[in-house]
Structure formats: C-alpha cells, structure tokens
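Taking it in order: structure first as structure tokens, then the write-up.
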Amino acid sequence: MSAEDLYEVTRHDLRLRPERVLNAELVIVVCNCVILEVYQPKKWYADIETGRLTFEGALAPFDIRQKYLNMVQVVI
0 MSAEDLYEVT RHDLRLRPER VLNAELVIVV CNCVILEVYQ PKKWYADIET
50 GRLTFEGALA PFDIRQKYLN MVQVVI
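So in numbering that gives the first Met the number 0, the last spot in the sequence shown is 75, and the numbers never skip.
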C-alpha cells in the first residue's frame, strides 16, 4: 500500500468517541501489532449519520515518527 493510500484509509471512518480524539495530538497506525505510521491531526469531522470520524492532518515530525515507527505493540 502506498503512503497516500495508507493516509486515506487511516483518516476515514474511524469509530471513536469524539471526546477521546478531539484533543489527540497523534494518530498512530497499527497493523498486525506493528506501528506503520504516525500522523498529526489538524482538524476532525463527524458524520452524524454514521457516527464515524474523519481527520485532516499530516505526517508527524521526523523525530516523533522515528520514535514510534516499526515498534511492536503487544495486545493483552
């Protein structure tokens, strides 16, 4: 998957409670317990009909991405 495709898939149709994300500084993409990318959301949109959220943002700064990328997340 391209970097652009990953961003588009990540930013749309999130099933999260608005109070949990509106102040979020980072969106971390995890697949198969590995962090694939880190974004900084700039603006959130809610779809009232579906109850899903979408964000507009950009890649997190290099130093933040370097800290998280390819880390393995263990789910307990």
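All C-beta atoms in this analysis are idealised placements derived from N, C-alpha and C, irrespective of residue type, glycine included.
Owing to the predicted nature of the structure, the values given are computational and were not obtained by experimental measurement.
Collapsed DSSP secondary structure at residue i in the structure displayed
i, result
"residue 63", "helix"
"residue 25", "coil"
"residue 68", "coil"
"residue 49", "coil"
Proximity winner among the options, relative to residue i (alpha-carbon distances)
i, options, result
"residue 44", "37, 53, 27 and 38", "53"
"residue 65", "37, 16 and 24", "37"
Per DSSP, cross-strand counterpart(s) of residue i
i, result
"residue 13", "52"
"residue 41", "DSSP lists no partner for residue 41."
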